[in-house]
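Below is one structure; the comments refer to it alone.
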Amino acid sequence: MARTKRKKPSKGKQIFRIVLLAGTFISLWFVPWILVKAWIMPLPDTVEEQVEQTLNYGFDGVIVYVDEAGKPPAFYTAGYHNKAQKIPAKPDALFKIASISKLYVAVAITKLASDNRIALDNSLADYFPELVGRIENAEDITLKMLVQHRSGIPNFTDNPEFWENQPNTNTDVLIYALDLPANFEPDKDYGYSNTNYLLLSRVIEQVTGGSRQDYFEKEILTPLGLTHTYGSVSDIKDLDAIMSGYYVGLEDDFKTAEQGMVATAEDVGKFLRALNDGTLLNAKEMQLYSSLYEFNHGGLVPGYQSMAEYHKDIDAVVVQFMNTTDFEGYQWNLLEITHNRVVKILRREKAK
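According to the working numbering, the sequence shown is numbered sequentially starting from 16.
Below, the structure is given as structure tokens:
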């Protein structure tokens with residue numbers, strides 16, 4: 016039987032293959048090996064071992080809260096609550112939850128809309144006419160677009176001046192998003208922007224006549240019995256109860272910096288379960304919320320990063336706090352990797 020002679024690849028295809036291989040090699044060369052190591056390490060037998068293992072990746076302290084249906088909540092810690100004073104990590108420490116707070120804002124907006132106190136199709140200009148001409152497309156951006164990050168409004172924390180002027184004491188940080196071109200036309204794209212939720216928080220306060228935290232207390236915290244969730248550091252009498260926060264390369268402790276909501280891992284976990292199982296929202300509200308926003312979230316500010324997720328397949332809430340951040344974002348990648356490994360361990364145990 017005659018053998019078919021293989022056709023020699025064209026010169027162009029040969030060059031393409033060489034470029035492809037070179038690109039693959041370069042990509043692997045520049046992958047931070049600490050991330051590869053964290054990903055390929057053999058999975059420990061227990062969550063406790065996994066939490067201890069995370070200290071090998073440059074974290075100063077870790078708290079993990081696990082709420083599996085049918086079991087008492089479990090707490091795991093490693094490292095330091097305060098490394099300068101050599102105080103071990105505490106399971107009940109207060110922690111800056113950063114953008115996890117967006118879930119609370121989305122719930123509040125849902126409740127106000129369900130009660131017909133706001134209209135999700137109303138425009139930003141309807142609530143803040145003074146922003147016409149200061150925020151592009153203010154007349155066409157709706158509250159729903161703000162909730163879903165489809166407004167096109169620039170993220171104020173992306174403005175270099177926001178960071179140059181830290182801690183922005185007595186400064187309305189909205190200024191860092193004003194008089195800038197829109198990132199895209201309203202509802203034409205998705206763009207995560209802290210400005211959206213800054214404005215939504217102000218809508219809550221305008222409509223209710225009180226602070227955002229007052230509304231959270233009435234509609235979320237008190238009904239769920241959450242007594243360790245605060246609007247800001249200034250609301251906390253005992254600052255030592257707050258876990259210290261660190262930034263790679265700096266000696267500073269970010270504990271006293273004003274960076275938004277503060278809560279224990281348990282309070283966040285209880286809130287997240289109530290959000291996901293329908294305890295927090297009635298049927299009408301749940302249907303509306305499901306059309307608006309997500310049910311899990313992470314948070315990141317200098318010195319503090321967190322992740323709160325509900326995993327339906329194992330009916331478990333996992334909240335992870337880590338008090339070390341960096342400029343490159345490797346620490347955030349490590350949070351995602353180590354969080355996923357905790358969930359893998361839980362799934363493995365569930366399958367036994």
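In this text, a Cβ means the ideal position worked out from N, Cα and C, and glycines have one as well.
Check: Apart from the five residues on each side of it in sequence, which residues of its chain come closer than 8 Å, Cβ to Cβ, to G264?
Finding: D341, F342
Margin query: Rounding to the nearest angstrom, what Cα-Cα distance links E151 and P196 in this structure?
Written below: 6 Å
Next item on the list: Kindly provide the ranges of any alpha helix (DSSP H) runs that are 4 or more residues long and lie completely inside the stretch 169–200, ordered along the chain.
Entry: 175–179
Notebook entry, point to check: When you compare each of V283, E364, G260, T271 to G318 by their alpha carbons, which one comes out closest?
Noted result: When each option's Cα is compared against that of G318, the closest is G260.
Next item on the list: Compute the distance between the beta-carbons of D204 and R149, then report whether it is under 8 Å.
Entry: no
Checklist line | Beta-carbon proximity list for Y119, same chain, < 8 Å, skipping 5 on both sides | finding: F231, I235, M276, F286
Next item on the list: Run the proximity test for I168: is its beta-carbon closer than 7 Å to any non-hydrogen atom belonging to the ligand NAP?
Entry: Ligands displayed in this structure: none; no statement on the ligand NAP is therefore possible.
Check: How big is the Cα-Cα spacing for A278 and D141?
Finding: Rounded to whole angstroms, A278 to D141 spans 33 Å at the Cα level.
Notebook entry, point to check: What do you reckon, are the CB atoms on G314 and I112 nearer than 8 Å?
Noted result: With contacts defined by Cβ atoms closer than 8 Å, G314 and I112 form a contacting pair.
Margin query: Suppose the cutoff is 6 Å on Cβ atoms and the five residues either side in sequence are ignored; what does the same chain contact list for Q335 look like?
Written below: V79, M322, H354
Notebook entry, point to check: Between the Cα of L109 and the Cα atoms of H243, S116, E83, Y72, which residue gives the shortest distance?
Noted result: Minimum Cα distance to L109 is reached at H243.
Next item on the list: Tell me where the beta strand (DSSP E) around M258 begins and ends.
Entry: No residue range can be given for M258, since it is assigned to no beta strand (DSSP E) and is classified by DSSP as neither H nor E.
Notebook entry, point to check: What's the C-alpha gap between L135 and D282?
Noted result: 29 Å
Item checked: Inter-residue Cα distance where the pair is R362 and E300 -> 31 Å
Note to self: To test your reading of the DSSP string, which unbroken alpha helix (DSSP H) runs of 4 or more residues are found completely within the stretch 333–362?
What the structure shows: none
Notebook entry, point to check: Can you pull the DSSP bridge partners for I102?
Noted result: N97
Check: When the Cα atoms are used, what is the spatial distance from V327 to Y304?
Finding: The sequence given here has Lys at residue 327, not Val. The straight-line gap separating the alpha-carbon atoms of K327 and Y304 is approximately 17 Å.
Next item on the list: Would you mind giving the Cβ-Cβ distance between F177 and L189, rounded to the nearest angstrom? I have them listed as a contact below 8 Å.
Entry: Not quite, the Cβ-Cβ distance comes to about 11 Å (not below 8 Å), so this is no contact.
Margin query: Classify R132: buried if its beta carbon has 16 or more other beta carbons within 10 angstroms, exposed otherwise.
Written below: exposed
Notebook entry, point to check: Alpha carbon to alpha carbon, what distance is there between D229 and P144?
Noted result: 25 Å
Check: Given a threshold of 16 other Cβ atoms within 10 Å of its Cβ, counted over all protein chains shown, does Y212 qualify as buried or as exposed?
Finding: Around the beta carbon of Y212, 16 or more other beta carbons lie within 10 angstroms, which makes this residue buried.
Check: Got a sec, what are the start and stop residues for the beta strand (DSSP E) A323 sits in?
Finding: 319–326
Next item on the list: Given a cut-off of 8 Å, decide if L290 and F310 are closer than it, judged by their beta-carbon atoms.
Entry: yes
Next item on the list: Return the Cβ separation of L127 and V222 in integer angstroms, given the expectation that the two are a contact with Cβ distance under 8 Å.
Entry: 6 Å
Check: How far does the alpha helix (DSSP H) with L307 in it reach, from first residue to last?
Finding: 298–307
Next item on the list: Determine the extent of the alpha helix (DSSP H) in which V51 is found, giving its start and end residues.
Entry: For V51, the enclosing alpha helix (DSSP H) stretches over residues 48–55.
Margin query: With H, G and I counted as helix, E and B as strand and the rest as coil, what does DSSP make of T237?
Written below: In the structure shown, T237 sits in a helix (DSSP, three-state: H, G or I).
Check: Who does A331 pair with in a DSSP beta bridge?
Finding: E83, H326
Check: So who's on the other strand from Y91, going by DSSP bridges?
Finding: V79
Checklist line | Delimiting residues of the alpha helix (DSSP H) encompassing G275 | finding: Premise fails: G275 is in no alpha helix (DSSP H) and is neither H nor E.
Next item on the list: Could you work out which residue in G246, L350, G225 is closest to Y72 when comparing CA atoms only?
Entry: L350
Note to self: Would W48 and I352 be called neighbours here (beta carbons separated by less than 8 Å)?
What the structure shows: No, these two residues do not count as a Cβ contact at 8 Å.
Notebook entry, point to check: Between which two residues does the alpha helix (DSSP H) carrying V222 extend?
Noted result: Note, V222: alpha helix (DSSP H), 209–223.
Next item on the list: List the DSSP bridge partners of L315.
Entry: Q320
Next item on the list: Measure the C-alpha to C-alpha separation of Y207 and E179 and round it to an integer number of angstroms.
Entry: 22 Å
Next item on the list: Would you decide whether N185 is buried or exposed? Buried here means 16 or more other CB atoms lie within 10 Å of its CB.
Entry: exposed
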